[in-house]
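A.B. asks:
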Amino acid sequence: MKYKLPDGFENKEDAMEALIKKEIDAAESELSAIRRDIEKFLLEKKGYAATEIEKDREFEVLIGNERCKSKTDIVISINGKRLISIKCFVGALVSRERQAVACARVLDSYQIPFAVVTDGTDAIILDALTGKVISEGMESIPSRNELGELLQKIEFKKLAPDRAEKEKRILLAFDSIKCTINYGE
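Numbering (this note's numbering), first residue to last: 1 to 185.
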């Protein structure tokens, strides 16, 4: 069977590689826009100071003798305590809840209490200790004042070492999945 290659390509492999790269670049551009929008939302609508927002927080994940890197898009801290880890995605948010929870559980020496997954339009807020959904919608992301009040009641818990190993494996499994673009949803 004869097939037509896109203009400028002489073989199928080069054409496929170029198309995949184009899709990945488009997704990265969309994710960058989502991250900027979320940061602006947190600053302007939720009352956080720029110094309370960490962007593109990369961290090392150790599993046995293997060192890997992971990251979260935004971390909100108050008084030096990380309280919310936010992961931005394109596509179905529910499919990334578990990744966000795993990230919040292993990012620091204690479990960050709240994990958020968002596409910039909608959000799912999770209790990172239990993995349960607390609320949904952008407006339900706690404001600076609400989080400040909650800070007094939060107990910062370490994750048991055996559980931490499992969470790291879950996180890295999700990190290895790069095909998150679902156009036409």
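A virtual CB, placed ideally from N, CA and C, is assigned to each residue, including glycine. Please read these numbers as outputs of a predicted model, since none were measured by experiment.
#1: In whole angstroms, what separates the C-alpha of Gln111 from that of Arg144?
#2: Is it buried or exposed for Val94, if we count other Cβ within 10 angstroms and need 16 for buried?
#3: Using only CA atoms, which one of Leu151, Ala50, Gly120 lies nearest to Phe114?
#4: What are the residues that DSSP puts in a beta bridge with Phe59?
#5: Out of curiosity, what's the CA-to-CA distance linking Ile134 and Leu147?
#6: With distances taken Cα to Cα, identify the nearest neighbour of Glu30 among Asn65, Thr118, Glu139.
#7: My output table needs one value for Val106: the three-state DSSP class, helix, strand or coil.
#8: Assuming the contact rule is C-beta atoms closer than 8 Å, Asp175 and Ser77 should be a hit. Round their C-beta distance to whole Å, please.
#9: What's the call for Ser85, buried or exposed, on a 16-neighbour Cβ count within 10 Å?
C.D. replies: Put simply:
#1: The residue labelled residue 111 in the question sits at position 111 within the sequence shown. The residue labelled residue 144 in the question sits at position 144 within the sequence shown. When rounded, the distance between both Cα atoms is 20 Å.
#2: Stepping through the sequence shown from its first residue, residue 94 is reached at position 94. The residue is exposed, with fewer than 16 neighbouring Cβ atoms inside 10 Å.
#3: By 1-based counting over the sequence shown, the position of residue 114 is 114. Here the closest residue by C-alpha is Leu151.
#4: Indexing the sequence shown from 1 puts residue 59 at position 59. For Phe59, which the question treats as bridged, DSSP gives the partners Ser70.
#5: The residue given as residue 134 occupies position 134 in the sequence shown. The residue given as residue 147 occupies position 147 in the sequence shown. Distance between the alpha carbons of Ile134 and Leu147: 14 Å.
#6: Along the sequence shown, one-based indexing puts residue 30 at 30. Answer by Cα proximity: Thr118.
#7: Stepping through the sequence shown from its first residue, residue 106 is reached at position 106. Here Val106 sits in helix by DSSP.
#8: Position 175 of the sequence shown, counting from 1, holds the residue named residue 175. Position 77 of the sequence shown, counting from 1, holds the residue named residue 77. No, Asp175 and Ser77 are not in contact; Cβ-Cβ is about 22 Å, not under 8 Å.
#9: Counting from one through the sequence shown, the residue named residue 85 turns up at place 85. That one is buried.
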